[in-house]
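Peer 1:
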Amino acid sequence: MLFLLHDQRTPGGETTEFIYENGISDYVAEIVGEDALTQTMFRTAEAFCRDREDRPEYKVRMNAAFCFSNKKQLLEYYHNSSWLEHGGSPERAVKTAFVNQIDAFLKTKNMYKKGESKITFADVQDCLAYVSSSFSTVTSYENQTKKAITNRGIAQVMTEFLKHTLEVYFIENPDDAQRICAQVLVNKQSREHAEKTRLSIKKTLGSQIDIANRVDKFVDCRTRDITRRELYIVEGDSAMGAVKTSRDSEFQAVMPIRGKILNCLKSDYSRIFKSDIITDLIKVLGCGVELHGKVKNDFATFSMDNLRWSKVIICTDADVDGYQIRTLVLTMLYRLVPTLIEEGYVYIAESPLYEIESRGKTYFAYTEQEKTDIMARIGKDKYTIQRSKGLGENEANMMWLTTMNPETRRLIKVIPEGAQRTAEVFDLLLGDNLAGRKEHIANHGYEYLDDLDVS
Numbered sequence: 000m001l002f003l004l005h006d007q008r009t010p011g012g013e014t015t016e017f018i019y020e021n022g023i024s025d026y027v028a029e030i031v032g033e034d035a036l037t038q039t040m041f042r043t044a045e046a047f048c049r050d051r052e053d054r055p056e057y058k059v060r061m062n063a064a065f066c067f068s069n070k071k072q073l074l075e076y077y078h079n080s081s082w083l084e085h086g087g088s089p090e091r092a093v094k095t096a097f098v099n100q101i102d103a104f105l106k107t108k109n110m111y112k113k114g115e116s117k118i119t120f121a122d123v124q125d126c127l128a129y130v131s132s133s134f135s136t137v138t139s140y141e142n143q144t145k146k147a148i149t150n151r152g153i154a155q156v157m158t159e160f161l162k163h164t165l166e167v168y169f170i171e172n173p174d175d176a177q178r179i180c181a182q183v184l185v186n187k188q189s190r191e192h193a194e195k196t197r198l199s200i201k202k203t204l205g206s207q208i209d210i211a212n213r214v215d216k217f218v219d220c221r222t223r224d225i226t227r228r229e230l231y232i233v234e235g236d237s238a239m240g241a242v243k244t245s246r247d248s249e250f251q252a253v254m255p256i257r258g259k260i261l262n263c264l265k266s267d268y269s270r271i272f273k274s275d276i277i278t279d280l281i282k283v284l285g286c287g288v289e290l291h292g293k294v295k296n297d298f299a300t301f302s303m304d305n306l307r308w309s310k311v312i313i314c315t316d317a318d319v320d321g322y323q324i325r326t327l328v329l330t331m332l333y334r335l336v337p338t339l340i341e342e343g344y345v346y347i348a349e350s351p352l353y354e355i356e357s358r359g360k361t362y363f364a365y366t367e368q369e370k371t372d373i374m375a376r377i378g379k380d381k382y383t384i385q386r387s388k389g390l391g392e393n394e395a396n397m398m399w400l401t402t403m404n405p406e407t408r409r410l411i412k413v414i415p416e417g418a419q420r421t422a423e424v425f426d427l428l429l430g431d432n433l434a435g436r437k438e439h440i441a442n443h444g445y446e447y448l449d450d451l452d453v454s
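Residue 38 in numbering that gives the first Met the number 0 sits at position 39 of the sequence shown; the count goes up by one each step and never skips.
(1) In this structure, how does DSSP classify Trp82 when only helix, strand and coil are distinguished?
(2) When you compare only the Cα positions, how much space is there between Gln7 and Glu20?
(3) Considering only residues of the same chain and omitting the five flanking positions on each side of Ala96, which have a CB-CB separation below 7 angstroms?
(4) Please specify which runs of the beta strand (DSSP E), each continuous and at least 3 residues long, are wholly inside the segment 119-198, giving them in chain order.
(5) Mind checking Met403: buried by the 16 CB within 10 Å criterion, or exposed?
(6) Is the segment 45-58 touching the segment 137-156, taking contact as three or more C-beta pairs under 8 angstroms?
(7) Hey, how far is the Cα of Gly86 from the Cα of Tyr77?
(8) Which parts of the segment 285-344 are runs of the alpha helix (DSSP H), unbroken and 4 residues or longer, counting only runs that do not cross its ends?
(9) Could you pull out every residue in the same chain whose Cβ sits closer than 7 angstroms to the Cβ of Ile340, ignoring the five residues on either side in sequence?
(10) On the premise that Ile313 lies in contact with Ile276, defined as a C-beta separation below 8 angstroms, what is that separation, rounded to the nearest angstrom?
(11) Can you tell me where the alpha helix (DSSP H) holding Phe104 begins and where it ends?
(12) Which two residues bound the contiguous beta strand (DSSP E) that contains Tyr362?
(13) Exposed or buried, what is Glu13 when buried is set at 16 or more other beta-carbons lying within 10 Å of its beta-carbon?
(14) Alpha carbon to alpha carbon, how far is Lys145 from Leu83?
(15) Would you mind sorting Pro405 into buried or exposed? The rule is 16 or more other CB atoms within 10 Å of its CB.
(16) Answer yes if the segment 236-248 comes into contact with the segment 393-401, meaning at least three C-beta pairs across the two stretches below 8 angstroms, and no otherwise.
(17) Count the other CB atoms within 10 Å of the CB of Glu90; is the residue buried (16 or more) or exposed (fewer)?
(18) With respect to the beta strand (DSSP E) encompassing Gln251, which residues constitute its N-terminal and C-terminal limits?
(19) Enumerate in chain order the residues of its own chain whose CB-to-CB distance from Asp34 is below 8 angstroms, with the five nearest sequence positions on each side excluded.
(20) Helix, strand or coil: how does DSSP classify Val31 here?
(21) Around the Cβ of Ser116, are there at least 16 other Cβ atoms within 10 angstroms (buried) or fewer (exposed)?
(22) List the residues that DSSP assigns as beta-bridge partners of Glu392.
(23) Using the Cα positions of Asp125 and Ala63, report the straight-line distance between them to the nearest angstrom.
(24) Provide the residue(s) that pair with Thr14 in DSSP beta bridges, ordered along the chain.
(25) Counting Cβ pairs, one atom from each stretch, are 3 or more of them under 8 angstroms apart for the segment 216-229 and the segment 170-189?
(26) Can you check which of these residues, Lys282, Tyr57, Phe169, is closest to Leu335 by C-alpha distance?
(27) Give every residue of the same chain whose Cβ lies closer than 7 angstroms to the Cβ of Ser274, excluding the five residues on either side of it in the sequence, and list them in chain order.
(28) For the candidate residues Gln38, Ile440, Ser135, whose alpha-carbon lies nearest to that of Ala44?
(29) What do you reckon, are the CB atoms on Lys310 and Glu234 nearer than 7 angstroms?
(30) Among Ser269, Lys265, Ser266, Trp308, which one has its Cα closest to the Cα of Cys286?
(31) Where do the ends of the alpha helix (DSSP H) carrying Glu438 lie?
(32) Could you tell me the distance, in whole angstroms, from the CA atom of Val288 to the CA atom of His192?
(33) Please state whether the Cβ-Cβ distance between Ser387 and Glu356 is less than 7 angstroms.
(34) Is Met40 helix, strand or coil by DSSP?
(35) Quick check on the DSSP output: the beta strand (DSSP E) that includes Ile355 runs from which residue to which?
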């Protein structure tokens with residue numbers, strides 16, 4: 000198929016021609032370029048097959064182009080001229096045939112070491128550039144998206160076609176076969192070495208988590224699955240006791256903030272790292288710190304790979320003191336580990352403002368508007384209403400329902416709306432810009448009069 004692109008924007012514009020004269024064979028050769036270990040091979044065949052004994056026979060035409068490279072990889076499948084993103088039958092055929100024939104060659108030539116494990120398709124794929132284009136009169140797609148075909152007959156005949164192709168190719172080109180199989184072995188050994196390294200790092204990090212258990216009053220969870228682990232940062236020992244009792248200890252850990260945390264935007268690094276509250280929290284996070292300039296500290300350079308949690312949740316009372324502690328913890332995270340905020344790992348657990356009981360039911364209102372809506376639903380029925388207690392005074396069932404249960408809790412994801420604006424706001428409200436802060440309060444203070452707590 001020939002494509003001509005005419006540039007008609009100017010008189011006498013260029014005409015560019017796009018064509019693969021040899022079809023998918025030229026496509027593979029172009030992708031691999033000068034990085035090929037072998038020449039591009041093209042094979043074609045036709046066969047008849049059926050998907051089940053009780054189904055009619057149908058015709059299949061198969062075209063395959065491939066070569067090997069230690070730098071470029073390519074796997075693409077087309078059927079009836081449509082791209083199969085997920086492959087299906089052609090992919091199963093490729094995996095079976097290539098692993099089978101290369102494994103057979105390795106065994107025949109005694110290229111495996113004693114006790115060495117068999118290659119996998121991942122080892123072959125690391126050095127394979129392969130494109131197939133098949134056609135059939137009967138096609139079964141996986142679903143309406145048509146990203147994969149499921150014909151058993153096509154998988155069977157294509158597997159045999161590729162096995163035969165590789166068998167003949169290896170016999171006729173022994174040097175290529177030796178080069179290909181040696182590269183596949185290198186890929187396998189590299190994969191196994193990487194896996195050993197991964198397990199070693201995992202073990203090291205696991206031991207670091209055990210070190211975190213020795214942080215004063217930190218209570219870990221049981222699972223080591225980082226995608227499930229949640230860290231609740233709570234204010235004080237009383238809140239610690241309530242959260243510890245109400246949590247799911249399988250995946251929820253608790254770290255209490257003891258006393259007032261330092262304002263990290265108004266403090267230099269030397270003072271910050273003298274704070275036990277901050278250093279303990281950094282140890283528990285496990286990801287190190289992000290520092291600017293040369294600063295002496297006992298923490299590793301920041302790495303997201305070492306973060307031990309899927310969520311870092313700040314959980315404080317729904318009062319002025321709680322909001323202040325929440326703000327100071329956020330400030331610390333913003334100063335020392337801002338990537339956690341940028342990547343969406345930091346959350347705030349909302350605590351209810353009011354607890355309302357009526358006709359044996361308990362309602363929780365997180366805002367004044369929610370309280371108004373609940374009261375409207377209750378109507379003239381009798382009710383009792385009270386301002387919610389501090390976290391440390393709540394019953395375990397209530398804490399689980401309102402703050403800990405992933406199905407019913409409310410979490411606010413902390414996301415900066417722009418790095419520059421975030422930096423300006425933090426500096427204005429918590430930094431050393433006293434004049435700017437006074438001006439901001441003078442200009443905007445009236446907007447927050449309803450939120451003032453002057454009790």
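Each residue gets a CB set at the ideal place from its N, CA and C atoms; glycine is no exception.
Peer 2: In short:
(1) Residue numbering aside, residue 82 sits at position 83 when the sequence shown is read from its first letter. Reduced to three states, the DSSP call for Trp82 is strand.
(2) Position 8 of the sequence shown, counted from the start, is the residue given in the question as residue 7. Position 21 of the sequence shown, counted from the start, is the residue given in the question as residue 20. Within the model, the alpha-carbon separation for Gln7 versus Glu20 is close to 26 angstroms.
(3) By one-based count along the sequence shown, residue 96 stands at place 97. Only Thr158, Leu161, Lys162, Leu165 meet the Cβ criterion.
(4) Counting only runs of 3 or more residues that sit fully inside the segment 119-198, the beta strand (DSSP E) segments are 127-135, in chain order.
(5) As a position in the sequence shown, residue 403 is number 404, starting the count at 1. By the 10 Å Cβ count, Met403 comes out buried.
(6) Because the criterion of three Cβ pairs below 8 angstroms is met, the segment 45-58 and the segment 137-156 touch.
(7) By 1-based counting over the sequence shown, the position of residue 86 is 87. By 1-based counting over the sequence shown, the position of residue 77 is 78. Roughly 8 angstroms between the two C-alpha positions.
(8) The alpha helix (DSSP H) runs lying completely inside the segment 285-344 and spanning 4 residues or more are 319-335, 337-341, given in chain order.
(9) Position 341 of the sequence shown, counted from the start, is the residue given in the question as residue 340. The residues are Leu332, Tyr333, Val413, Pro415.
(10) By 1-based counting over the sequence shown, the position of residue 276 is 277. By 1-based counting over the sequence shown, the position of residue 313 is 314. A Cβ-Cβ separation of about 14 angstroms leaves Ile276 out of contact with Ile313 under the 8 angstroms criterion.
(11) The residue given as residue 104 occupies position 105 in the sequence shown. Where Phe104 is concerned, the enclosing alpha helix (DSSP H) stretches over 88-107.
(12) Taking the sequence shown and counting its residues from 1, the one referred to as residue 362 is at position 363. 360-364 is the span of the beta strand (DSSP E), which, as asked, contains Tyr362.
(13) Walking along the sequence shown from the start, residue 13 turns up at place 14. By the neighbour-count rule (16 or more Cβ atoms within 10 Å), Glu13 is not buried but exposed.
(14) Reading the sequence shown from its first residue, position 146 is the one you call residue 145. Reading the sequence shown from its first residue, position 84 is the one you call residue 83. Annotation: Lys145 to Leu83 spans about 7 angstroms, alpha carbon to alpha carbon.
(15) What you label residue 405 is simply residue 406 of the sequence shown in a count that begins at 1. Classification of Pro405: exposed, given that the 10 Å Cβ count is below 16.
(16) Yes: the two stretches touch, three or more of their Cβ pairs being nearer than 8 angstroms.
(17) Within the sequence shown, numbered from 1, the residue matching residue 90 stands at position 91. Glu90 is classed as buried because its beta carbon has at least 16 other beta carbons within 10 Å across all chains shown.
(18) Reading the sequence shown from its first residue, position 252 is the one you call residue 251. From DSSP, the beta strand (DSSP E) with Gln251 extends over 251-256.
(19) Translated into the one-based positions of the sequence shown, residue 34 becomes position 35. Excluding sequence neighbours, Asp34 sits near Ser68, Asn69, Lys70, Lys71.
(20) Start at 1 with the first residue of the sequence shown, and residue 31 comes out as number 32. Looking at Val31 - three-state DSSP - the assignment turns out to be helix.
(21) Along the sequence shown, read from residue 1 onward, the residue named residue 116 stands at position 117. With fewer than 16 other Cβ atoms inside 10 Å of its own Cβ, Ser116 counts as exposed.
(22) If you number the sequence shown from 1, residue 392 lands on position 393. For Glu392, which the question treats as bridged, DSSP gives no partner whatsoever.
(23) One-based indexing of the sequence shown puts residue 125 at position 126. One-based indexing of the sequence shown puts residue 63 at position 64. So the two alpha carbons sit approximately 18 angstroms from each other.
(24) In the sequence shown, the residue the question calls residue 14 occupies position 15. His5, per the DSSP bridge assignment.
(25) Segments in contact, no.
(26) As a position in the sequence shown, residue 335 is number 336, starting the count at 1. It is Lys282.
(27) Position 275 of the sequence shown, counted from the first residue, corresponds to residue 274. Result list for Ser274: Leu261, in chain order.
(28) To locate residue 44, count along the sequence shown from 1; it is residue 45. Ranking Gln38, Ile440, Ser135 by Cα distance to Ala44 puts Ser135 first.
(29) By one-based count along the sequence shown, residue 310 stands at place 311. By one-based count along the sequence shown, residue 234 stands at place 235. Lys310 places its beta carbon 7 angstroms or farther from that of Glu234.
(30) Your numbering for residue 286 matches position 287 in the sequence shown. Comparing Cα positions, the closest option is Trp308.
(31) By 1-based counting over the sequence shown, the position of residue 438 is 439. For Glu438, the enclosing alpha helix (DSSP H) stretches over residues 433-443.
(32) On the sequence shown, position 289 is the one that residue 288 refers to. On the sequence shown, position 193 is the one that residue 192 refers to. The alpha-carbon atoms of Val288 and His192 are separated by roughly 29 angstroms.
(33) For the purposes of this step, residue 387 is taken as residue 388 along the sequence shown, with counting starting at 1. For the purposes of this step, residue 356 is taken as residue 357 along the sequence shown, with counting starting at 1. For the 7 angstroms CB-CB criterion, Ser387 and Glu356 do not form a contact.
(34) The residue you call residue 40 lines up with position 41 of the sequence shown. In the three-state reduction of the DSSP assignment, Met40 falls in the strand class, which pools E and B.
(35) As a first step, residue 355 must be located in the sequence shown, where it is residue number 356. Taken as a continuous stretch (DSSP letters only), the beta strand (DSSP E) holding Ile355 covers 353-357.
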